[in-house]
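Asks: At position 95 of the sequence shown (counting the first as 1) the number is 98 in the numbering used here, and the numbers step up by one without a gap.
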Amino acid sequence: MENQFKQNTLQAVHQLIEWKRYKEALTEAEQALREEPEDPDVFALIAHIYNLMDNYEKALYWANEALIREPEQTLAWYVRVSVYYETDNEKALNENLQEAMRIDPYEAHYFFLKANLLNKKQKYKESRELLRLALELRPESPLYLATLSYTEALLGNMKESAELDRQAVQYGAEMPYVLLYLGWAAGDRGDYKLKETYMKNAVRLSPDDKQIQSEFLEALQQQHKLLRIFLWPTRLVRRMKRWQIIMAWFIIWILFRPFVLLFILLYVLTHWVTKAIVHVQVFGWRRRGM
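1. Taking the C-alpha atoms as reference points, what is the distance between Leu197 and Pro40?
2. Only counting the same chain, and skipping five residues up and downstream in sequence, which positions put a Cβ closer than 6 Å to that of Ala137?
3. Whose C-beta lies closer than 8 Å to the C-beta of Glu294 among residues of the same chain, with five residues either side of it excluded?
4. Near Glu221, which residues of its chain fall below 6 Å by C-beta distance, leaving aside the five closest residues on each side in sequence?
5. State whether the stretch 203–216 contacts the stretch 166–175, with contact taken as three or more CB pairs (one from each stretch) at a distance under 8 Å.
6. Can you tell which of Ser85, Ala35, Arg37 and Leu70 has the C-alpha that lies nearest to the C-alpha of Tyr53?
7. Looking only at its chain, what residues have a beta carbon closer than 6 Å to the beta carbon of Ala149, apart from the 5 residues adjacent to it on each side?
8. Is the beta carbon of Leu151 closer than 8 Å to that of Arg131?
9. Measuring CA to CA, which of Asp42, Met56, Asp211 and Pro43 is closest to Ala28?
10. Would you identify the three-state DSSP class for Gly193, choosing helix, strand or coil?
11. With a CB to CB cut of under 7 Å and the five nearest residues on each side skipped, what residues in its chain are close to Arg141?
12. Taking all protein chains shown into account, do 16 or more other C-beta atoms lie within 10 angstroms of the C-beta of Arg192, making it buried, or fewer, making it exposed?
13. Please state the DSSP three-state secondary structure of Lys126.
14. Once the 5 residues before and after Thr77 are set aside, which same chain residues still bring their CB inside 7 Å of it?
15. In angstroms with no decimal places, state the Cα-to-Cα distance between Ala188 and Glu21.
16. From the DSSP output, in three-state form, read off Ala176 for me.
17. Near Glu93, what residues of its chain come up, given a Cβ to Cβ distance below 6 Å and the 5 sequence neighbours on each side ignored?
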């Protein structure tokens, strides 16, 4: 009877999570914990709910409590890794990600997170391989397809990026972070109109997300043709190795110093003028209030 009660309660919790009724899910999970006060699965589930609610401190606490009782509880490891990723604790993330992947080597999301870390370090080829592994495990994940589209664009593979874009939209056109990655990919392909469309829809789906708000405003700003002239070199620089960038900058600085200074001055001026224009278009003559 007790096992049946626990099973029914956990099913109800998962259903409430699917409906994004997190406070009700938390109440149900706490009820299950009262019935099974040392059950690591329930501790991990509570951690998962807090993580979905963006309460990272409590999510980490409950995940740790689950791991004290069962050191290889997979959901608890998933929550711990997710918290370190969301809070930009890269050192802790790398340490815990390695152990989490050992415990659950078929969790596709770990490959995705590691790929994102590599993208930040401009290790795009390594990132691409990890995203391909993630897609072998979950071939219809729109998030992984969108991220791979972005990575291919960073590598200069525009045709492959556009094809992955089409696949991602087919599976998840109404997911804000899918649209965010697709917007980045479109921008790197030079399709600023498509980038604006994706960011606009992402804002519509997640209007309170500060990152998505900022990316939408940037997409609007990049629609101005004058600014796009200055953005063109950045697309080229992204595909260059570090030593190539340093050497090119040194040569250009020696040979064309006045033009470099003029370019920088015009870019800064254009950036702030277009930023102001977008601000007025979106917010009017007042401070930002999205």
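C-beta: ideal position from N, C-alpha, C; glycine also. Since the structure is predicted, the reported quantities are computational estimates derived from the model, not experimental observations.
Replies: From the atom records:
1. A direct Cα-Cα distance of roughly 52 Å separates Leu197 from Pro40.
2. Excluding sequence neighbours, Ala137 sits near Ala111, Phe114, Phe115 and Tyr147.
3. What is shown of the chain runs 4 to 293, which leaves residue 294 out entirely.
4. Closer than 6 Å at the Cβ level, and outside the excluded window around Glu221, lies no residue.
5. Under the three-pair Cβ rule at 8 Å, the stretch 203–216 does not count as touching the stretch 166–175.
6. The option with the nearest alpha carbon to Tyr53 is Ser85.
7. Close CB contacts of Ala149 within its chain, under the 6 Å cut and outside five residues either way in sequence, are with Ala171, Val181, Tyr184 and Leu185 (chain order).
8. Yes; because the gap between Cβ atoms is below 8 Å, this pair is in contact.
9. Looking at the Cα atoms, Met56 is the closest of the given residues.
10. In the three-state DSSP reduction, Gly193 falls in the coil class, being neither helix nor strand.
11. So the qualifying residues of the chain are Ala111 and Tyr147.
12. The residue in question, Arg192, is buried, as its Cβ has 16 or more Cβ neighbours within 10 Å.
13. Correct three-state label for Lys126: coil.
14. Closer than 7 Å at the Cβ level, and outside the excluded window around Thr77, lie Ile106 and Asp107.
15. If you take the alpha carbons of Ala188 and Glu21, they lie about 29 Å apart.
16. Looking at Ala176 - three-state DSSP - the assignment turns out to be coil, as it is neither helix nor strand.
17. Result list for Glu93: empty, nothing under 6 Å.
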